[in-house]
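Participant:
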Amino acid sequence: MRLLVLLLIMGLGDVSIGQHYSQFQWLSYLRNRWRYVGWRAMDVDCPLECDCPPTYPTAMYCHSRNLQHVPYVPSHIKYVYLQRNQITGIQDGVFDNATNLVWIVLFHNQLNSDKIGKNVFSKLRNLDLLFLDHNELTHVPSNLPKSITNLQLGHNKISKIPSNSFEGMANLTFLQLQANFIEDVGGVFKGLKSLTLLDMRENRLRKIPESLPERLQQLYLEFNNIEGVPEGFLTMRPKLQFVRLAHNKLTDKGLPANVFNISTLVELDLSFNKLEKIPTVSRNLENLYLQANKIKDFSLGSFCSTIDMTNFSKLRMLRLGCLH
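Just so we're aligned, residue 1 is where the sequence shown starts under UniProt numbering, counting upward by one.
1. Rank Q178, D252 and M236 by C-alpha distance to the C-alpha of L221 and give the top, closest one.
2. For N225 and K249, which I take to be in contact (beta-carbon distance under 8 Å), what is that distance rounded to the nearest angstrom?
3. In angstroms with no decimal places, state the Cα-to-Cα distance between N109 and P141.
4. Which word fits S271, buried or exposed, when buried means at least 16 other C-beta atoms lie within 10 angstroms of its C-beta?
5. Reducing DSSP to helix, strand and coil, say where D184 ends up.
6. If I follow the unbroken beta strand (DSSP E) through I104, where does it start and stop?
7. Would you kindly report the start and end of the unbroken beta strand (DSSP E) that includes residue 328?
8. Cβ of F229 within 8 Å of Cβ of I208?
9. For T58, which residues of its own chain have a beta-carbon under 7 Å away from its beta-carbon, when the five flanking residues on both sides are left out?
10. List the endpoints of the continuous beta strand (DSSP E) containing Y289.
11. Any idea which residues DSSP pairs L153 with across the strands?
12. Residue range of the beta strand (DSSP E) that R125 falls in?
13. Determine the DSSP secondary structure at R31, reduced to helix, strand or coil.
14. Just to confirm the assignment, what range does the beta strand (DSSP E) spanning residue 343 have?
15. Looking at the strands, I want to know which residues DSSP matches up with M236.
16. Give a single yes or no on whether F174 has its beta carbon closer than 7 Å to a heavy atom of the ligand FMN.
17. Alpha carbon to alpha carbon, how far is L255 from I295? Give it in angstroms, no decimals.
18. Tell me the DSSP secondary structure of D114 in three-state form.
19. Do N97 and V73 have their C-beta atoms closer together than 8 Å?
20. Within its chain, find whatever has a CB closer than 8 Å to the CB of V94; leave out the 5 residues flanking it on each side and keep chain order.
21. Would you mind giving the Cβ-Cβ distance between L144 and W103, rounded to the nearest angstrom? I have them listed as a contact below 8 Å.
22. By Cβ distance below 7 Å, which residues in the same chain neighbour K190 in space, the five residues on each side in sequence not counted?
23. Give the straight-line distance between the Cα atoms of N258 and F233, rounded to the nearest whole angstrom.
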């Protein structure tokens, strides 16, 4: 009798879910839910394809399920994990019931830009993290929430970024666009006042992006076609600590004098370029990578504006291997 009553309660709680599935699927769903929680009270508001463990009541785990669509997301869910599926599109309204979402993880799917609704994310005013990397996107999704701090769009097929793509996203702190087909971005980053990390490795950039925010701390531009660095580039960004420009087409002509001689810089990677001289750097620099260039002459004075070994102790890594 006790079992019957509990099954009836479970059935009533899941009637809204059961109506979308066959009797067999519904009974299988109830049985699995029962097996998972035993005799304890349970949260039955969870889609058939996913797990919503009682120990993490606001999380919904739907990863690695061969899903082809985004399932129903209950209103109490804040964290949804949909990575490593076969999802190709997201229709408008899919997340309208779950406006409290904080994290959406969708990396390693087959998302196509033409199959993503223009307002699919627009109502998620609390969204903090959006992972869309390793998909088939050709452009940045439109109407992204202004609340996002971490946006990952790497390993897609994005070639152009319209000037309004990140409009109003003043909270964006981490932006990853690596491994795309981007040639130029114009001033698209101008309004990103909180941005501290920008990753644009493995693109087709010919120059360093314009209008980078003053708060930027980490800039990764390896494996592009960059030939030079603008004069005063670092002085206008006093918080920039890590600059990686390896595997580009940098030449001595493209580097203004003292462009890297900034006291805040901690790591500078200029390896695998076409440099013939060692650029002048600050005594505060800790890591300098210059291997695989065309540098023939090396002396301490060639990269130190003033030689003072007592004050040059911060340099921990100087890599010069494979100089020509």
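C-beta atoms are modelled at their ideal positions from N, C-alpha and C, and glycine is treated no differently.
Facilitator: Result, derived from the coordinates:
1. The residue labelled residue 221 in the question sits at position 221 within the sequence shown. Nearest C-alpha to L221: Q178.
2. Counted from its first residue, the sequence shown places residue 225 at position 225. Counted from its first residue, the sequence shown places residue 249 at position 249. Indeed they touch by this definition, with Cβ atoms about 6 Å apart.
3. By one-based count along the sequence shown, residue 109 stands at place 109. By one-based count along the sequence shown, residue 141 stands at place 141. Within the model, the alpha-carbon separation for N109 versus P141 is close to 15 Å.
4. Sequence index remark: in the sequence shown, residue 271 carries index 271 (1-based). Counting of Cβ neighbours within 10 angstroms places S271 among the buried residues, the total reaching 16 or more.
5. The sequence position of residue 184 within the sequence shown is 184, counting from 1. Correct three-state label for D184: coil.
6. Sequence index remark: in the sequence shown, residue 104 carries index 104 (1-based). First-last of the beta strand (DSSP E) with I104: W103 to V105.
7. Outside the displayed span of the chain (1 to 324) sits residue 328, for which this structure offers no information.
8. The count along the sequence shown starts at 1 and reaches residue 229 at position 229. The count along the sequence shown starts at 1 and reaches residue 208 at position 208. It should be noted that the sequence gives Val, not Phe, for residue 229. Taking 8 Å as the Cβ cut-off, V229 and I208 qualify as a contacting pair.
9. On the sequence shown, position 58 is the one that residue 58 refers to. Correct list, in chain order: H76, I77, K78 and Y79.
10. Numbered from 1 along the sequence shown, position 289 holds the residue referred to as residue 289. In this chain, the beta strand (DSSP E) harbouring Y289 covers N287 to Y289.
11. If you number the sequence shown from 1, residue 153 lands on position 153. In the DSSP assignment, L153 is bridged to no other residue.
12. Indexing the sequence shown from 1 puts residue 125 at position 125. Run containing R125: none; DSSP gives neither H nor E here.
13. Here residue 31 refers to the residue found at position 31 of the sequence shown. Caution is warranted here: a pLDDT of 46 is assigned to R31, below 50, making its placement in the model unreliable, and no coordinate value can be reported.
14. Given a span of 1 to 324 for the chain in the structure shown, any question on residue 343 remains unanswerable.
15. On the sequence shown, residue 236 is found 236 positions in, with the first residue counted as 1. Assignment of beta-bridge partners to M236 by DSSP yields no partner.
16. The ligand FMN is not part of the structure shown, which contains no ligands of any sort.
17. Numbered from 1 along the sequence shown, position 295 holds the residue referred to as residue 295. Numbered from 1 along the sequence shown, position 255 holds the residue referred to as residue 255. Inter-residue distance for I295 and L255 is about 14 Å (C-alpha atoms, whole angstroms).
18. For the purposes of this step, residue 114 is taken as residue 114 along the sequence shown, with counting starting at 1. Reduced to three states, the DSSP call for D114 is helix.
19. On the sequence shown, residue 97 is found 97 positions in, with the first residue counted as 1. On the sequence shown, residue 73 is found 73 positions in, with the first residue counted as 1. Yes.
20. In the sequence shown, the residue the question calls residue 94 occupies position 94. Excluding residues within five positions, the ones whose Cβ falls inside 8 Å are V70, V73, G117 and V120.
21. Counting from one through the sequence shown, the residue named residue 144 turns up at place 144. Counting from one through the sequence shown, the residue named residue 103 turns up at place 103. Not quite, the Cβ-Cβ distance comes to about 14 Å (not below 8 Å), so this is no contact.
22. Counting from 1 along the sequence shown, the entry for residue 190 is found at position 190. Here the set comprises S211.
23. Position 258 of the sequence shown, counted from the first residue, corresponds to residue 258. Position 233 of the sequence shown, counted from the first residue, corresponds to residue 233. F233 has its alpha-carbon roughly 10 Å from the corresponding atom of N258.
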